[in-house]
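Peer 1:
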Amino acid sequence: MNWKNIAKTVPAMVTAALALAGCSTSEPGPAPITSQTVEVTTPATEASSQADAEVAAFSHIVATSPEASDIALMLAGPEKVAAVSASSANPKMGQNPELARKVGKTLESGVKPDAEQILSFTPDLVVMTIRHDSESSVAEQLRAAGVEVLTYDGHEFDTPELYAEAVQKMGDKIGMPKKAAALTDEFMTKIRDIDAKVTKNKKTPSMLALMVRGGKIMAMGPKNVVPGLAMRAGATNAGEPAGLTRTTPIDAEMLLLANPEIIFVEDFMGGGLGPFQELLKNPALAQVPAIKNNRVVLLPMNEASSTAGLQMYKGYATIMAEVQR
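Numbering (mature numbering (1 follows the signal peptide of the UniProt record, and there is no 0)), first residue to last: -21 to -1, 1 to 304.
(1) Can you tell which of 218, 222, 165, 171 has the C-alpha that lies nearest to the C-alpha of residue 188?
(2) First and last residue of the beta strand (DSSP E) that includes residue 41?
(3) Would DSSP call residue 294 helix, strand or coil?
(4) Between the region 117 to 124 and the region 261 to 274, do three or more beta carbon pairs fall short of 8 angstroms?
(5) Under the assumption that residue 197 contacts residue 214 (Cβ atoms under 8 angstroms), give the Cβ distance between them as a whole number of angstroms.
(6) Which residues in the same chain have their Cβ closer than 6 angstroms to the Cβ of residue 78, if we skip the five residues on either side of it in sequence?
(7) Using a Cβ-Cβ cut-off of 8 angstroms (strictly less than) and excluding sequence neighbours within five positions of residue 88, which residues of its own chain qualify?
(8) Can you tell me where the beta strand (DSSP E) holding residue 246 begins and where it ends?
(9) Quick one: Cα of residue 81 to Cα of residue 236, how far?
(10) Take the Cβ of residue 253 as the centre, count every other Cβ of all protein chains shown within 10 Å, and call the residue buried at 16 or more, exposed below.
(11) Write down the C-beta distance between residue 136 and residue 143 rounded to the nearest angstrom, noting that I regard them as a contact closer than 8 angstroms.
(12) Only counting the same chain, and skipping five residues up and downstream in sequence, which positions put a Cβ closer than 6 angstroms to that of residue 212?
(13) Around the Cβ of residue 130, are there at least 16 other Cβ atoms within 10 angstroms (buried) or fewer (exposed)?
(14) Taking C-beta to C-beta, are residue 175 and residue 54 nearer than 8 angstroms?
(15) Considering only residues of the same chain and omitting the five flanking positions on each side of residue 152, which have a CB-CB separation below 6 angstroms?
(16) Mapping the DSSP letters down to three states, classify residue 197 as helix, strand or coil.
(17) Can you look up residue 163 in the DSSP assignment and give me helix, strand or coil?
(18) Please classify residue 284: is it buried, with 16 or more other beta-carbons within 10 angstroms of its beta-carbon, or exposed?
(19) Residue 188: beta carbon under 7 angstroms from a heavy atom of the ligand FMN?
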């Protein structure tokens, strides 16, 4: 099942006026008009009711990554989740930090999850994002211990469509497909509304997206969320002619060669532009159009990244508005 709408009707309340006319000469006159309210059940209201009635088939879910944690919280609710990634409780990263904080146990984010720690939460389902061999090894250990494991490959969060499918994937697994469909239908409607505005856009500025990891400034590859949304909004990838075809560390010389008209910057963990200031204020880059024209745009991580999830439409709207400037 995918994100496409299965019902696009709205609830209706129909009021019927029933006029009763007197038919006997002994009656003083026509009876007063009365009104009767009749509730009509439509496919949309029925689907909504069914979604509300769904209950997660698992009661001790452990989610090891922020993406998996956010989806589990949205679908199953914190009462069915035994542990989540600590990043999900961070208001700068999580989609629903208030829900994450209702879960008593957290796992530190990293590329080396601990199988014994995960098993200590007595999970009946573990949801993981597998980006490294160490994570794949832990998933195998958990399965060997008799625990069900649902995995994502990391690229399943890179576009709105892929994210919607990722939500549906977990919804199907935990027995909440209708709730997943309701969430993703609403999300994709918002995305398509922005797409419709993009079709009127004739501007195609060049852009480059930057991120920081481990103290290193990196240019994002074209398949990352931010460049993908920017190109979806009509921008072109300034990194390609500069040879930046994948996520890689970048220096002033490479940025000068890319010469972007817009620079989008991921606000990693709420660090803002601080980690990028030394690079962006390099005198050699003063004439780069994005810097010269003050088109360096900071994007909240929980609105424009793989952890943005259902909030990705907000980042897309911000990016689209800048591209159309």
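Here a beta-carbon is modelled for each residue, glycine too, at the ideal position from N, C-alpha and C.
Peer 2: On the basis of the supplied data:
(1) 218
(2) 40 to 42
(3) DSSP places residue 294 in helix when its eight states are reduced to three.
(4) no
(5) Actually they are not in contact, since the Cβ atoms of residue 197 and residue 214 sit about 19 angstroms apart, beyond 8 angstroms.
(6) 52, 57
(7) 44, 45, 64, 65, 66
(8) 241 to 246
(9) 48 angstroms
(10) exposed
(11) With 8 angstroms as the limit, residue 136 and residue 143 do not qualify as a contact, their Cβ atoms being about 10 angstroms apart.
(12) 177, 298, 299, 302
(13) buried
(14) no
(15) 129
(16) strand
(17) helix
(18) buried
(19) Among the components modelled here there is no ligand, and therefore nothing to report on the ligand FMN.
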